[in-house]
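Engineer:
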Amino acid sequence: MKEEDAGPPNRELYALLHLSPEASDEEIRKAYRQWAQIYHPDKYQAPHMKDIATENFQRICEAYEILSDVTKRQIYDIYGMEGLTSGLELGPKLNKVEELKEELERLRRRKEEEKIFAHFRPSGTILAKISLPHLLHGDRIMQGMAMASEVESQLSKRNAISIGGNLAVNGNSGGGVATGVFRHQISPVSSVQFMASAGLRSLIGVETSRQLSLHSTATMGIVMSLKDGSLNLSNSWTRQLSETATGNIQLALGPESSIEVGWKMKDVKRSAAGGLKFGTSSFEASAHYSHWFSSKSHGRISGKVGSSTLEVEVGGGRKLSNFSTVRMLYSIGIQGIFWRFELHRSGQKLIIPILISTHLNPMFATGAFVLPTSVYFLLKKLIIKPYYRRREKQKALENMEKTSSKVLEARAAAEKAQQLLQNVANRKRNRQLETNGLVITRASYGNLTALGRKDESSETHDDLTSQVLDVTLPLNFLVNDSGQLKLHEGVKKSGIMGFCDPCPGELKKLHLEYTYRGERYEVVVGDYEELLIPQEAHRI
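Note that the sequence shown covers residues 14 to 553 in the working numbering.
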């Protein structure tokens, strides 16, 4: 499992001084004085202890120098240490914090724009229609094919162009269309686009869009057919109904007039949509619901009913990588029983609908659903899951080998930092024991999920154990005089003094066991999550 991207990347200096990213100047000065008292080299006589203190004191001074300087702190908050070491130019006479923020935001946007302009954005779809009944009757198995492709390019900050086309063959007939669209951003809230196509559907048109308010947008367009001169007018209104849901109304006037009302909802684990469409001589209602069972797999159910259609579809998909997803769907309706296979990779799609039967026999329909579902779950259990488990394990071991020297250095630095904290941490711990207060009995930071696997070989278990760091001592040091410990939200815990990153690239958590007023407590928190103890909810 890869390291989560759940928090800000540029917070290590705040963790080092044990500060919140919103800390005031006075809080920064106070934290610096407290840490300087612990790590000042003049406090130690032994040469090796003086060397450890000097190394960590320099880290503290560097953190204070950056966070106490308004300009450097703003650059660090946005760009991290890279922004400070790369000599980022902010321009002259930026004295006010507001001016500095505006300039940093402008530079950030420029970087994003350069990244966008440097790449074309291609997308395409290949559709191959297969029919088993035709094959069984001696006809060809391929009954149709369609291909669509589009390339979009950002010409400038406000102008974009896209060129595309599609070809389709059904039986003995076919045709194609080439399209071009030019889009211009008039202002931050309005845009216009001009379109033209040639082929089976030759037309020209213009469409304009405007954001009416913070939550609503309107679009209006007109299209003229070059074949018969007919006009089509379209209007649509979209409104944000909530943080995760939008609603829309579309009205089309022309040879094929229609009105459509729709709704969409999407959050981290679910997506749903529904709509009603009424034409001059037809209507259609549709709905779908998708649910993500994990970060890699999801299920889907959808349905359509109308004057010329009736269909129910169920299925699911799995994410193969960051760019690829595969899906298998089963549908039954008045047109027959279908399997549909889909492969999505970046902006490209391969879709293969397979007609199983045109007869809606209940036994056959049940078998067509149960058979591939059973095969899928058997393959998943016996082949797919073991394969991915082996691959993830191999990647983790390769990553450990690649980062082993860096991790060893970081561990050594963390152990040295803990040596200087030991005396104060033990005094604080003994004081808490005397008052029956907060005592950290055990604390581990790192790849605890991997460590929890009990079925691994001893060699692998040792490798996984090396991805965990004992941080009991530094956390006892951070317990305040009131008998509380707080780790700030949005601050990666590997930056805390006495911590390090024991498994770069992997998901990390902090596991604590502690006692308070004679009771035992236990809690696990994520790398960027806030921790405040003691809490009654943690009691075992």
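Beta carbons: idealized from backbone N, C-alpha and C, even for Gly. None of these values were measured; they are calculated from a predicted model.
Provide the residue span of the beta strand (DSSP E) that contains residue 458, from first to last.
Structural biologist: Numbered from 1 along the sequence shown, position 445 holds the residue referred to as residue 458. 452-459 is the extent of the beta strand (DSSP E) around residue 458.
Engineer: Taking only the alpha-carbon atoms, compute the straight-line gap between residue 456 and residue 489 and give it to the nearest angstrom.
Structural biologist: What you label residue 456 is simply residue 443 of the sequence shown in a count that begins at 1. What you label residue 489 is simply residue 476 of the sequence shown in a count that begins at 1. Residue 456 and residue 489: Cα-Cα distance of roughly 10 Å.
Engineer: Which first and last residues belong to the beta strand (DSSP E) in which residue 133 is found?
Structural biologist: Numbered from 1 along the sequence shown, position 120 holds the residue referred to as residue 133. Taken as a continuous stretch (DSSP letters only), residue 133 belongs to no beta strand (DSSP E), as it is neither H nor E.
Engineer: What residue range does the alpha helix (DSSP H) around residue 377 cover?
Structural biologist: By 1-based counting over the sequence shown, the position of residue 377 is 364. Counting along the chain, the alpha helix (DSSP H) containing residue 377 begins and ends at 375-392.
Engineer: If you pair each beta-carbon of the region 533-551 with each one of the region 52-63, do three or more pairs fall below 8 Å?
Structural biologist: no
Engineer: Between the region 493-505 and the region 416-428, do at least 3 Cβ pairs fall closer than 8 Å?
Structural biologist: no
Engineer: Can you list, in chain order, the residues of its chain with a C-beta nearer than 6 Å to that of residue 525? Leave out the 5 residues immediately preceding and following it.
Structural biologist: Position 512 of the sequence shown holds residue 525. For residue 525, where only same-chain residues beyond five positions count, the Cβ hits under 6 Å are 456 and 536.
Engineer: Please name the residue in 481, 198 and 217 whose C-alpha comes closest to that of residue 223.
Structural biologist: Taking the first residue of the sequence shown as 1, we reach residue 223 at position 210. Here the closest residue by C-alpha is 198.
Engineer: Report back the beta-carbon spacing between residue 515 and residue 360 to the nearest angstrom; my notes put them in contact at under 8 Å.
Structural biologist: In the sequence shown, counting from the first residue as 1, residue 515 sits at position 502. In the sequence shown, counting from the first residue as 1, residue 360 sits at position 347. Under the criterion of beta carbons closer than 8 Å, residue 515 and residue 360 do not qualify as touching, at roughly 38 Å.
Engineer: Figure out for me which residue from 492, 520, 513 and 519 has the closest Cα to the Cα of residue 527.
Structural biologist: Here residue 527 refers to the residue found at position 514 when the sequence shown is read from its first residue. The residue with the shortest Cα to Cα distance from residue 527 is 492.
Engineer: What residues in its chain sit with their C-beta under 8 Å from that of residue 309, if we drop five residues either side in the sequence?
Structural biologist: For the purposes of this step, residue 309 is taken as the residue at position 296 of the sequence shown. Result list for residue 309: 331 and 332, in chain order.
Engineer: Between which two residues does the beta strand (DSSP E) containing residue 398 stretch?
Structural biologist: Taking the sequence shown and counting its residues from 1, one reaches residue 398 at position 385. Run containing residue 398: none in the beta strand (DSSP E); it sits in the alpha helix (DSSP H), 398-447.
Engineer: Can you tell me whether DSSP reads residue 199 as helix, strand or coil?
Structural biologist: For the purposes of this step, residue 199 is identified with residue 186 of the sequence shown, where counting begins at 1. Reduced to three states, the DSSP call for residue 199 is strand.
Engineer: Anyone know if the C-beta pair for residue 368 and residue 355 falls short of 8 Å?
Structural biologist: Along the sequence shown, one-based indexing puts residue 368 at 355. Along the sequence shown, one-based indexing puts residue 355 at 342. Their beta carbons are not under 8 Å apart, which means residue 368 does not touch residue 355 by this criterion.
Engineer: Starting from residue 311, follow the alpha helix (DSSP H) in both directions and report where the run begins and ends.
Structural biologist: Residue mapping note: residue 311 aligns to position 298 of the sequence shown, counting from 1. That residue, residue 311, is in no alpha helix (DSSP H); its beta strand (DSSP E) goes 310-319.
Engineer: Using a 10 Å radius around the Cβ and a threshold of 16 neighbouring Cβ atoms, would you call residue 480 buried or exposed?
Structural biologist: Position 467 of the sequence shown, counted from the first residue, corresponds to residue 480. That one is buried.
Engineer: If you drop the 5 nearest sequence neighbours on each side, which residues of the same chain put their C-beta closer than 6 Å to that of residue 543?
Structural biologist: Indexing the sequence shown from 1 puts residue 543 at position 530. If the five residues before and after residue 543 are omitted, its C-beta is found closer than 6 Å to the C-beta atoms of 502, all from its own chain and listed in chain order.
Engineer: Considering residue 291, what are the terminal residues of the beta strand (DSSP E) in which it resides?
Structural biologist: Within the sequence shown, numbered from 1, the residue matching residue 291 stands at position 278. Note, residue 291: beta strand (DSSP E), 283-292.
Engineer: Reducing DSSP to helix, strand and coil, say where residue 59 ends up.
Structural biologist: Here residue 59 refers to the residue found at position 46 when the sequence shown is read from its first residue. If DSSP states are grouped into helix, strand and coil, residue 59 belongs with coil.
Engineer: Which residue from 183, 241 and 28 puts its Cα closest to that of residue 156?
Structural biologist: Position 143 of the sequence shown holds residue 156. When each option's Cα is compared against that of residue 156, the closest is 183.
Engineer: What's the C-alpha gap between residue 403 and residue 163?
Structural biologist: In the sequence shown, the residue the question calls residue 403 occupies position 390. In the sequence shown, the residue the question calls residue 163 occupies position 150. Rounded to the nearest angstrom, the two C-alpha atoms are 38 Å apart.
Engineer: What would DSSP say about residue 521, mapped onto helix, strand or coil?
Structural biologist: Working through the sequence shown from its first residue, we reach residue 521 at position 508. Looking at residue 521 - three-state DSSP - the assignment turns out to be coil, as it is neither helix nor strand.
Engineer: Of the residues 152, 165 and 168, which one's Cα is nearest the Cα of residue 185?
Structural biologist: Residue mapping note: residue 185 aligns to position 172 of the sequence shown, counting from 1. It is 152.
Engineer: In whole angstroms, what separates the C-alpha of residue 441 from that of residue 534?
Structural biologist: Along the sequence shown, read from residue 1 onward, the residue named residue 441 stands at position 428. Along the sequence shown, read from residue 1 onward, the residue named residue 534 stands at position 521. Going from the Cα of residue 441 to the Cα of residue 534 covers about 19 Å.
Engineer: Can you name, in chain order, every residue of its own chain whose Cβ lies under 6 Å from the Cβ of residue 247, other than the five neighbours on each side?
Structural biologist: By 1-based counting over the sequence shown, the position of residue 247 is 234. Cβ within range, chain order: 234 and 265.
Engineer: Which class does residue 541 belong to by DSSP, given the choice of helix, strand or coil?
Structural biologist: Taking the sequence shown and counting its residues from 1, the one referred to as residue 541 is at position 528. Reduced to three states, the DSSP call for residue 541 is coil.
Engineer: Report yes or no: do three or more beta-carbon pairs, one from the region 197-216 and one from the region 236-245, lie closer than 8 Å?
Structural biologist: Contact between the region 197-216 and the region 236-245 is present, because at least three Cβ pairs lie under 8 Å.
Engineer: Between the C-alpha atoms of residue 255 and residue 278, what's the straight-line distance to the nearest angstrom?
Structural biologist: Numbered from its first residue, the sequence shown carries residue 255 at position 242. Numbered from its first residue, the sequence shown carries residue 278 at position 265. Those two C-alpha atoms are separated by around 9 Å.
Engineer: Which complete beta strand (DSSP E) runs does the region 146-216 hold, if anything under 3 residues is left out?
Structural biologist: 155-167, 172-183, 186-200 and 203-212
Engineer: Just to confirm the assignment, what range does the alpha helix (DSSP H) spanning residue 259 have?
Structural biologist: Along the sequence shown, read from residue 1 onward, the residue named residue 259 stands at position 246. Judged by DSSP secondary structure, residue 259 falls outside any alpha helix (DSSP H) and instead within the beta strand (DSSP E) spanning 258-266.
Engineer: Look up residue 304 in the DSSP assignment and give the residues it is bridged to.
Structural biologist: Working through the sequence shown from its first residue, we reach residue 304 at position 291. For residue 304, which the question treats as bridged, DSSP gives the partners 283 and 312.
Engineer: So, do the region 340-359 and the region 293-308 have three or more beta carbon pairs nearer to each other than 8 Å?
Structural biologist: Put simply, the region 340-359 does not touch the region 293-308. Fewer than three CB pairs are less than 8 Å apart.
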